[in-house]
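Asker:
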Amino acid sequence: MKLIINGKTKEFNKDITLADMLQKLDLTSKVMAAAVNMEIVKQGSWADYKLKDMDKVELLDFVGGG
4 MKLIINGKTK
14 EFNKDITLAD
24 MLQKLDLTSK
34 VMAAAVNMEI
44 VKQGSWADYK
54 LKDMDKVELL
64 DFVGGG
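One point on numbering: in our numbering, the residue at position 9 of the sequence shown is 12, and numbering is uninterrupted.
See the structure below:
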């Protein structure tokens, strides 16, 4: 299965959840927001949110500053 993550195409096994994808990309420790096909997915739903071939995933990091 191909996913477009922040504009870059990556390949994964099929039947992957958003949480699985983040784990495979080693992004589980970051505080971030995720959108799939321009729809925000709440963090509490990531483990159940099944991704589909060619979904467009946008990941946004939060950075503190002042």
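Where a beta carbon is used, it is the ideal one built from N, C-alpha and C, also for glycine.
Can you give me the C-alpha to C-alpha distance between LEU25 and GLY47, rounded to a whole angstrom?
Answerer: As a working mapping, residue 25 is identified with position 22 in the sequence shown. As a working mapping, residue 47 is identified with position 44 in the sequence shown. So the two alpha carbons sit approximately 14 Å from each other.
Asker: If we count the other Cβ atoms within 10 Å of its Cβ and call it buried at 16 or more, is ILE43 buried or exposed?
Answerer: Here residue 43 refers to the residue found at position 40 of the sequence shown. With fewer than 16 other Cβ atoms within 10 Å, it is exposed.
Asker: Please classify ALA2 as buried or exposed, where buried requires at least 16 neighbouring CB atoms within 10 angstroms.
Answerer: The chain is shown from 4 up to 69; residue 2 falls before or after that span and cannot be answered.
Asker: Quick check on VAL60: buried or exposed, where buried means 16 or more other Cβ atoms within 10 Å of its Cβ?
Answerer: Against the sequence shown, residue 60 aligns to sequence position 57. By the 10 Å Cβ count, VAL60 comes out buried.
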